[in-house]
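When the letters of the sequence shown are read in order and numbered with this note's numbering, they come out as residues 73 to 197.
Down below is the structure, laid out as structure tokens.
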Amino acid sequence: MKKVISTDLAPAAIGPYAQAVAVDGLVITSGQLPINPATGAFPEGIEAQTKQSLENVKAILAEAGTGMDRIVKTTVFLSDMNNFGAMNEVYATFFGEGGYPARSAVEVARLPKDALVEIEVIAAL
73 MKKVISTDLA PAAIGPYAQA VAVDGLVITS GQLPINPATG AFPEGIEAQT
123 KQSLENVKAI LAEAGTGMDR IVKTTVFLSD MNNFGAMNEV YATFFGEGGY
173 PARSAVEVAR LPKDALVEIE VIAAL
């Protein structure tokens, strides 16, 4: 059975979607923009935005009862592929002993609210 996951420790959905859904032993998040849930603002720069997006993912996974070490797939959307290296450096710090998940990283024409990055994940429960 599908279960909607929601936490105040990550930004609320800005449209008709859930922060995440748990189903059949998996948690599938919606794309997480780098919105600080306390202020509603984006931090400056790709490094800080990547960190915030992943902190939002981490909070959602914790609410679902899982964690970053259980992520099996990520998708990273970048507004500019020239930010790939800087994003990658921050991204790597979120994955350690559990190993890196499978990942896709793509440049898109534009992200909501003109974010520099958006990240979605699939994690095991």
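Beta carbons: idealized from backbone N, C-alpha and C, even for Gly.
Residues near K145 by beta carbon distance below 6 Å, same chain, minus five either side: P173, A174, I194
Whole-Å CB distance - L197 paired with L98, under 8 Å assumed: 7 Å
Spatial distance of I132 from V178 (CA atoms): 23 Å
Residues near P83 by beta carbon distance below 7 Å, same chain, minus five either side: L105, I107, P109, N128.
As assigned by DSSP and simplified to three states, the class of F166: coil
Touching by the beta-carbon criterion (3+ pairs, under 8 Å), the region 147 to 165 and the region 85 to 93: no
Inter-residue Cα distance where the pair is V162 and M73: 35 Å
Residue environment, A164, which counts as buried when at least 16 other CB atoms sit within 10 Å: exposed
V76, buried or exposed, once every other Cβ within 10 Å from all chains shown has been counted against 16: exposed
DSSP state of S176 mapped onto helix, strand, coil: strand
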